[in-house]
Each structure stands twice: as structure tokens, then as C-alpha cells.
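**Student:**
2 protein chains.
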Amino acid sequence: MPYTPEQIAHIVKKTRKQLGVTQKDLALTSGTGLRFIIDLEKGKPTCQIGKVLVVLHTLGIKLEIMPPTQEKYDGS
Amino acid sequence: MPYTPEQIAHIVKKTRKQLGVTQKDLALTSGTGLRFIIDLEKGKPTCQIGKVLVVLHTLGIKLEIMPPTQEKYDGS
DNA sequence: CAAATTTATTCCCGATCGGGAATTTTTACT
DNA sequence: AGTAAAAATTCCCGATCGGGAATAAATTTG
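Chains A and B supply the protein sequences, listed in that same order. Heads up, the working numbering is the position in the first sequence plus 100, with the first residue counted as 1. Heads up, the working numbering is the position in the second sequence plus 100, with the first residue counted as 1.
Below, the structure is given as C-alpha cells:
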């Protein structure tokens, strides 16, 4: 289940609309530019991670990152 | 609790080491370049989201994105 | 339906990402 | 301690990100 930029784009757009926020407002409140927001919501894979994280936070979208659990097999 | 690029960097680096994988190997298996991996593990906020997602997936790091819950107040 | 609003595209352009190689520095191993 | 391995830096350079404005297109509103 890896996330793709397109999926993130969809979540961002949907959340933004649900909050009744325009792309322009989101750009302002997240400290980015309109250009970036449009690209992000288009699912562009080259958007900068730092800005993506800021936008997610601005929209109240929570992120959880879970490393794999370590299982050591002494297969001897 | 927003994630920062630095936090992601830390998780990536820690996971990679736990898996006993070198940066070079990770670059190869994730289809990126050594340069990118080093930048990512340095917490550079300008790394491309698409590549970040691929690396996370390659390392088996799971991501969860949770939009805010919608609560409609008819405050009338 | 027309007007207003929102979104998307285009343009300009400075800054820089990132692939890949070479080199240097740091870390790990014996 | 010395060596090998890993990581980081530097370099080159083509490609392009993204801010911001203007414009076009699409969508929403009344």
C-alpha cells in the first residue's frame, strides 16, 4: 500500500475543499505559492517534501510514519 | 506533531542501518541516486516527494495519511 | 444565464535538484 | 593501529522547481 503523489494530491484537494479553502488561501496560509499548490494537487512527484509536509499540516492532515518491525532470525 | 524533513531523514537512516543496507544499495534498489539518498538522510526539505515515497516503500516504512475528521456545527 | 470566483496555464527567471563520477572524510572492522 | 568500507563532499550540467503575475479556462454562485 505505498502512497503515490497522486493519492496525496487527492487527499489534499479533498480536504481543502471540505474545509472550504481556496488554493490561493492555502498557499497563503501554508507559506507557499499558488503555483506549488496547483502542482501538488496535480500529483506532481517532484514537489518538495518540506513544502508538502507544511501543507499537510496546514490542512490538519496527520501523518504517521511507521518503520518496519525488526525480526532477527538466527537462521543457523 | 507535524513531521519535519529532519525527522523523516532520521527514520530513513535508522531503518536503513537496521536493515544493514548501504546508501549505495538503497539508491540502487529504490531507483534513485546516491546523491539523493544522502540529501534525503540529511533532511533536505527540497527532496522530491515522489522519490521520498519510493524510498520509504523500499525500506518497508509504512505511511499513513489521515485527513481531519469533519465536524459540522450548525451553530445557529 | 451572466457574473463572480476559482482553478489551471503560461511566462519569466533565479535557484537548485539530482544523476553519476571522482575525491575526501568518516566510520567500521580486524 | 591499519585497512576496508561507508558516507559525505565536490564537480559538472541538463532539467526544472516554484514565486508571482498575467491570462485563459473551468467552476460556482446568485
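Just so you know, even glycine gets a beta-carbon here, dropped at the ideal spot from N, CA and C. Since this is a predicted model, take the numbers as computed values, not measurements.
Could you compute how far the alpha carbon of Glu141 (chain B) sits from the alpha carbon of Leu119 (chain A)?
**Tutor:** Counted from its first residue, the second sequence places residue 141 (chain B) at position 41. Counted from its first residue, the first sequence places residue 119 (chain A) at position 19. Distance between the alpha carbons of Glu141 (chain B) and Leu119 (chain A): 34 angstroms.
**Student:** Have a look at Val112 (chain B) and Leu134 (chain A) and give me their C-alpha separation to the nearest angstrom.
**Tutor:** As a position in the second sequence, residue 112 (chain B) is number 12, starting the count at 1. As a position in the first sequence, residue 134 (chain A) is number 34, starting the count at 1. The alpha-carbon atoms of Val112 (chain B) and Leu134 (chain A) are separated by roughly 30 angstroms.
**Student:** At 8 angstroms on the CB atoms, spell out the chain B contacts of Gln148 (chain A), in chain order.
**Tutor:** As a working mapping, residue 148 (chain A) is identified with position 48 in the first sequence. Residues of chain B passing the Cβ test: Pro145, Thr146, Cys147, Gln148, Ile149.
**Student:** I'd like the list of long-range same chain contacts for Val155 (chain B), defined as Cβ closer than 6 angstroms, with 5 residues on each side in sequence excluded.
**Tutor:** On the second sequence, residue 155 (chain B) is found 55 positions in, with the first residue counted as 1. Same-chain partners within the cutoff: Ser130.
**Student:** Within the same chain, show all residues whose beta-carbon is closer than 6 angstroms to that of Ala127 (chain A), passing over the 5 residues directly before and after it, in chain order.
**Tutor:** As a first step, residue 127 (chain A) is located in the first sequence; it is residue number 27 there, counting from the start. Taken in chain order, the residues that qualify are Gly133, Leu134, Ile137.
**Student:** Work out the CA separation of Thr158 (chain B) and Val196 (chain B) for me, nearest whole Å.
**Tutor:** No answer is possible for residue 196 (chain B): it lies beyond the span of chain B, which begins at 101 and ends at 176.
**Student:** Ignore the nearest five residues each way along the sequence and tell me which others in Tyr173 (chain B)'s own chain have a CB closer than 8 angstroms to its CB.
**Tutor:** As a first step, residue 173 (chain B) is located in the second sequence; it is residue number 73 there, counting from the start. Confidence in Tyr173 (chain B) is poor, its pLDDT being 47 and thus under 50, which makes the residue's placement unreliable; the coordinate value appears in the next sentence. Nothing meets the Cβ criterion.
**Student:** Quick check: Glu164 (chain A) and Glu164 (chain B), are their CB atoms within less than 8 angstroms of each other?
**Tutor:** Numbered from 1 along the first sequence, position 64 holds the residue referred to as residue 164 (chain A). Numbered from 1 along the second sequence, position 64 holds the residue referred to as residue 164 (chain B). Yes, Cβ-Cβ distance for Glu164 (chain A) and Glu164 (chain B) is below 8 angstroms.
**Student:** Just to confirm before moving on: does the CB-CB distance between Met166 (chain B) and Ile161 (chain A) stay below 8 angstroms?
**Tutor:** For the purposes of this step, residue 166 (chain B) is taken as residue 66 along the second sequence, with counting starting at 1. For the purposes of this step, residue 161 (chain A) is taken as residue 61 along the first sequence, with counting starting at 1. Closer than 8 angstroms, so yes.
**Student:** Among all the DSSP beta bridges, which residues are the ones paired with Lys162 (chain B)?
**Tutor:** Your numbering for residue 162 (chain B) matches position 62 in the second sequence. DSSP lists A:Met166 as partners of Lys162 (chain B).
**Student:** For Lys142 (chain A), go through chain B and note every residue whose CB falls closer than 7 angstroms to its CB, in chain order.
**Tutor:** Here residue 142 (chain A) is taken as the residue at index 42 of the first sequence, counted from 1. What Lys142 (chain A) touches in chain B: nothing, since even the nearest Cβ is about 12 angstroms away.
**Student:** Along chain B, in chain order, which residues have C-beta atoms closer than 7 angstroms to that of Gly160 (chain A)?
**Tutor:** Here residue 160 (chain A) corresponds to residue number 60 of the first sequence, with the count starting at 1. By Cβ distance, chain B contributes Pro168.
**Student:** When you compare the CB of Val121 (chain A) with every CB in chain B, is at least one pair closer than 8 angstroms?
**Tutor:** Along the first sequence, one-based indexing puts residue 121 (chain A) at 21. With 8 angstroms as the cut-off, Val121 (chain A) does not count as an interface residue toward chain B.
**Student:** Measure the CB-CB distance between Thr169 (chain A) and Gly150 (chain B) and report whether it falls below 8 angstroms.
**Tutor:** As a working note, residue 169 (chain A) is residue 69 in the first sequence. As a working note, residue 150 (chain B) is residue 50 in the second sequence. No; because the gap between Cβ atoms is not below 8 angstroms, this pair is not in contact.
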